[in-house]
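Chemist:
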Amino acid sequence: MNLIVLGPPGAGKGTQAKIIEDALGLVQLSTGDMLRAAARAGTEIGLQAKEIMDRGDLVSDDIVIAIVADRIRQPDCKNGFILDGFPRTLQQAAALDQLLTEQNKSLSAVIELKVEDAALIERISGRFTCSDCGEGYHDSFKKPRIDGQCDKCGGTEFTRRPDDNAETVRNRLMNYYRDTSPLLGYYFCQNKLKSVDGMAAIDDVAKEIKGVLSSLRG
Ligand code: AP5
Ligand code: MG
117 MNLIVLGPPG
127 AGKGTQAKII
137 EDALGLVQLS
147 TGDMLRAAAR
157 AGTEIGLQAK
167 EIMDRGDLVS
177 DDIVIAIVAD
187 RIRQPDCKNG
197 FILDGFPRTL
207 QQAAALDQLL
217 TEQNKSLSAV
227 IELKVEDAAL
237 IERISGRFTC
247 SDCGEGYHDS
257 FKKPRIDGQC
267 DKCGGTEFTR
277 RPDDNAETVR
287 NRLMNYYRDT
297 SPLLGYYFCQ
307 NKLKSVDGMA
317 AIDDVAKEIK
327 GVLSSLRG
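Shown next, in the form of structure tokens:
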């Protein structure tokens, strides 16, 4: 099964992609995580991308398409993947169609997380992540079970993303409406779009997604 999780910044794409990854054994491919890893590694592309990401703008299609093309050819993607944060433009979507066709693969579904704008800002401003394993948390909606300790790996260091500030979030949201929201129509016309209520609690959103996915398999 090859999936896309589509939604604005803070909609819960990463949160839900990780749940599906664990439940179905698919690989989560987050272009945001890949670009942040490249920036930490100090590669030329990573450093260029960091400046763009810190402003909340989109990294160029060529760079992102090349990263994804390379990644979905890796053996661990053979049994399926969940794209989180890609595609983000019509050009990226067309390139993905071509990549999948070349590899005799197809898209099973595009899961849209529908979330109100005000909730996005609240979610992003409370987000933090385990520095060791990357598990995501929220000051109000998903606190670690033991304060200051990661549920998953026991790590005690947490980080907040530099692009998670009010001004950058508004720019990210603007970019979403301008460049990414046309993909909803693109995938509706391909009969792939499945919209879920992303305003529900994390576990309830996950249940709704699992229901959609089992109806695809049934
Ligand atoms: P990326 O890392 O993809 O960021 P984003 O799209 O802005 O989305 P986020 O990661 O902020 O949100 P999310 O939807 O994953 O939400 P999360 O699950 O964390 O991209 C960053 C940058 O990289 C871009 O701005 C761009 O520069 C560049 N980039 C990446 N891909 C690119 C591409 N294809 N093309 C060009 N440039 C690209 O949840 C958010 C918070 O809410 C968490 O704290 C979570 O615990 C909480 N939460 C989640 N679900 C719920 C819920 N149901 N109820 C309550 N709280 C919840
Ligand atoms: Mg994310």
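Numbering (the numbering used here), first residue to last: 117 to 334. In this text, a Cβ means the ideal position worked out from N, Cα and C, and glycines have one as well.
#1: Around the ligand MG, which residues pass a check of Cβ closer than 7 Å to any of its heavy atoms?
#2: So what's D186 in DSSP terms, helix, strand or just coil?
#3: So what's L122 in DSSP terms, helix, strand or just coil?
#4: So for G252, helix, strand or coil by DSSP?
#5: Distance check for L236 and D313, CA to CA, integer angstroms please.
#6: According to DSSP, is R276 helix, strand or coil?
#7: Just checking my contact of R404 with G162 at CB under 8 Å: how many whole Å lie between their CB atoms?
#8: Could you check whether R239 and G126 sit closer than 8 Å to each other, using their CB atoms as the reference points?
#9: Cβ of T205 less than 8 Å from any chain B Cβ?
#10: Using a Cβ-Cβ cutoff of less than 6 Å, which residues in the same chain neighbour P203 once the five nearest sequence positions on both sides are dropped?
#11: Tell me, to the nearest whole angstrom, how far the beta carbon of G123 is from that of E228; I am working on the premise that it is less than 8 Å.
#12: Leaving out the 5 sequence neighbours to the left and right, which residues in its chain are closer than 8 Å to D170 when beta-carbon positions are compared?
#13: Pop quiz: L151 and V175 are said to be a contact at Cβ under 8 Å. What is the actual Cβ separation, rounded to whole angstroms?
#14: If we ignore side chains and look at the alpha-carbon of each, how far apart do Q265 and S256 end up?
#15: How is A282 classed by DSSP in three states: helix, strand or coil?
#16: Specify the secondary structure class of L151 as computed by DSSP and reduced to three states.
#17: Which one or two residues does DSSP pair with E228 in a beta bridge?
#18: Using only alpha-carbon positions, find the residue among A185, S247, E218, D319 that is nearest to G128.
#19: Give me the Cβ distance between I325 and Q132, rounded to the nearest whole Å; I'm assuming they're in contact under 8 Å.
#20: With 16 as the cutoff for other CB atoms within 10 Å, does D200 come out buried or exposed?
#21: Does the distance between the C-beta of L223 and the nearest non-hydrogen atom of the ligand SAH fall short of 7 Å?
#22: Please state whether the Cβ-Cβ distance between S311 and K230 is less than 8 Å.
Modeler: According to the structure shown:
#1: K129, G130, S146, G148, D200, G201
#2: helix
#3: strand
#4: strand
#5: 13 Å
#6: coil
#7: Nothing can be reported for residue 404, as the shown portion of the chain is limited to 117 through 334.
#8: yes
#9: Structure shown: chain B not included; a single protein chain is present.
#10: Closer than 6 Å at Cβ, skipping near neighbours: A209, L212.
#11: The beta carbons of G123 and E228 sit about 6 Å from each other, so the pair counts as a contact at 8 Å.
#12: P278, D279, T284
#13: 6 Å
#14: 15 Å
#15: helix
#16: helix
#17: L122, S311
#18: D319
#19: 6 Å
#20: The residue in question, D200, is buried, as its Cβ has 16 or more Cβ neighbours within 10 Å.
#21: The ligand SAH is absent from the structure shown, which contains only the ligand AP5 and the ligand MG.
#22: Taking 8 Å as the Cβ cut-off, S311 and K230 qualify as a contacting pair.
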